[in-house]
Every structure is written in C-alpha cells, then in structure tokens.
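Here is the structure we will look at, set down as structure tokens.
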Amino acid sequence: MTEEEIIASGLLELYVTGSLSAEDSMEVEKAMAQFPSIKEEIEKIEATLIGLSEAGGQEASESVWKNISLATENIRTLHTAPKTRNWSSITGWAAAVIFMMGLGFMIKQNSDLKGKIRNINTKNVVLKERVLNSEIELAEATDLLEIVRSKDYKSVTLPGNQAVAPEAYATVYYNEDTHVAYIDAKGLPSPPAGKVYQVWSLKMNPLTPSSIGLLEDMETSERAFFKVENVPSPEAFGITLEPEGGSESPTLDQLYTLGMVSP
C-alpha cells in the first residue's frame with residue numbers, strides 16, 4: 012500500500028491499541044521506518060488516546076501505560092505514569108481503546124467502500140465504451156445497408172472460379188457516377204499467410220486489368236466489406252490471390268472470382 016492508503020486504512024489506530032496481528036504489526040513498523048509521516052500519524056493517534064483517557068479521569072494506571080507502551084513499541088518512549096491506581100482513568104482508557112477500535116473499523120469500511128466505488132466506475136467506463144462501439148457499428152451497418160439498396164449502385168455478382176475456388180463468391184456495388192465501389196468479400200476464404208486478395212477492374216477486348224485495391228485485414232474485419240475509389244469504367248471485376256503488398260498484374264491461375272458488369 013502507498014503512504015496515503017496506509018494512513019486511511021485504519022491499521023495505525025489498531026496498531027496503537029495493540030489489536031493487530033503480529034504480521035500486520037510488522038507491516039506497520041516497516042512502513043513507519045520508511046515513511047516519517049506514518050510515525051507522526053501514530054504519535055497523533057497516541058496523543059488522542061491520552062487526551063481521551065484524561066477526559067475520562069485523572070492519569071492512566073501503571074498497567075495501562077505498560078500495555079500501551081508494548082502496543083506502540085518502537086514508536087517513541089512514553090512518560091512514566093504515577094504508580095497510584097485510578098479506576099476512573101482505567102475506565103477512560105478502556106473507552107478510548109474501544110472508540111479507537113471502532114474508529115479503525117469505520118475507516119477500513121470506508122476504504123473498502125471507496126475501492127468498490129472505483130471498481131464500479133471502471134466497469135461503467137468500459138460499458139460506455141462498448142455501447143459507443145456498438146452504436147458506431149450500427150451506424151456503419153445502416154450506411155452500408157442504404158448503399159446496397161440504393162439505385163445509384165449497380166450490384167455485380169462475382170461467382171467462384173471452378174478451377175481454383177468453386178465455392179468462393181463476392182459482390183461488388185459500383186456507382187458509375189462517383190466511380191466508388193464497395194466489395195462484399197464475405198464469400199472469400201481467409202487468405203493464407205503472406206497472401207492478400209487484390210481487386211481488378213477489367214476491360215475485356217483486349218484484356219486490360221487495372222488494380223483498384225487490396226482486401227487487407229480480412230481476418231479482423233467482421234463484415235469483410237471494403238470501399239475502393241477511383242474505379243475506372245469496368246466491363247468486369249475480378250479478384251485474385253496475390254503476394255502480400257499486391258502485384259502489378261493479376262496472377263490468372265489464382266483468379267478466385269470473376270463477374271461481368273451488365274450494360
């Protein structure tokens with residue numbers, strides 16, 4: 012614990028009254044040797060006990076002084092008390108001890124409560140972040156839904172190449188006016204390590220491919236939905252599997268999907 016946490020924990024009050032276990036007492040003594048303020052705090056607590064005792068009677072008896080001295084050993088030397096027995100003083104000391112033990116318990120309870128409040132606040136922050144992320148994802152999903160339903164975007168289906176990946180498929184939503192396309196790559200298998208999917212805009216006669224983007228981070232993308240811009244007017248779209256970083260021209264024997272753009 013830090014210096015402030017030790018003072019706020021209630022351990023010092025219990026230490027002065029001799030109510031701590033041997034192990035906890037050793038921890039307090041180590042802290043006292045390390046932090047001068049801990050020793051000062053213990054002396055203040057002792058002074059409070061003395062004041063409470065005097066309020067209940069005259070002077071503390073020799074036996075009470077001896078018990079307090081043992082409980083606060085290594086803190087500082089107490090004044091020698093009178094040898095005459097004074098029962099009203101003993102009663103005052105007993106009340107002081109009970110009071111300090113109760114005070115220590117209340118301080119500890121307060122410290123525990125503050126800890127629980129901090130935990131609740133932390134959980135609330137995490138929950139708010141999750142809610143915010145969910146709202147962002149919902150907004151993005153809504154925007155994508157509007158795009159695929161919009162008349163401004165032409166839907167182009169890209170079936171799988173039977174010779175390479177017959178079960179693969181993809182869909183391109185292409186806006187001829189803005190030259191923006193959205194690639195739905197959910198139907199593509201995860202690329203092997205060191206490989207990436209590359210999307211091509213194709214002119215067919217003669218065959219002229221133009222790279223329009225890489226489908227990167229597919230493993231971490233939940234929707235596998237990608238946006239590409241500056242798409243030249245295509246007659247077809249194709250997706251190939253290329254080395255990481257992409258290629259200047261498509262590797263045709265790794266052509267996964269191909270689809271023609273309807274007039």
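What the sequence shown shows, in my numbering, is residues 12 to 274, in sequence order.
By construction, the Cβ of each residue, glycine as well, lies at the ideal position given by its N, Cα and C atoms.
Under the three-state reduction of DSSP output, S36 falls in the helix class. Beyond the five residues adjoining it in sequence on each side, A235 comes within less than 8 Å, by CB distance, of D195, A196, K197, L199, L226, M229 in the same chain, given in chain order.
Going by DSSP, Y26 is part of no beta strand (DSSP E) but of the alpha helix (DSSP H) stretching over 22 to 27. Straight-line spacing of the CA atoms in T262 and V191 works out to 24 Å. Between the C-alpha atoms of G256 and M12 there is a straight-line separation of about 51 Å. Between K162 and Y184, the C-beta spacing is not below 9 Å. Taking C-beta separations shorter than 8 Å and ignoring five residues to either side along the sequence, the partners of S201 in its chain run M229, E230, following chain order.
If you ignore the 5 residues before and after E259, its C-beta comes within less than 8 Å of the C-beta of S222, all in its own chain and listed in chain order.
Residue pairing of T168 in beta bridges, as defined by DSSP: T182. Rounded to the nearest whole angstrom, the C-alpha separation of G270 and L169 is 4 Å. Secondary structure at F46: coil, using DSSP grouped into helix, strand and coil. Non-local beta-carbon contacts of L22 in its own chain, meaning distances under 7 Å to residues more than five positions away in sequence, involve L31, D35, V39 in chain order.
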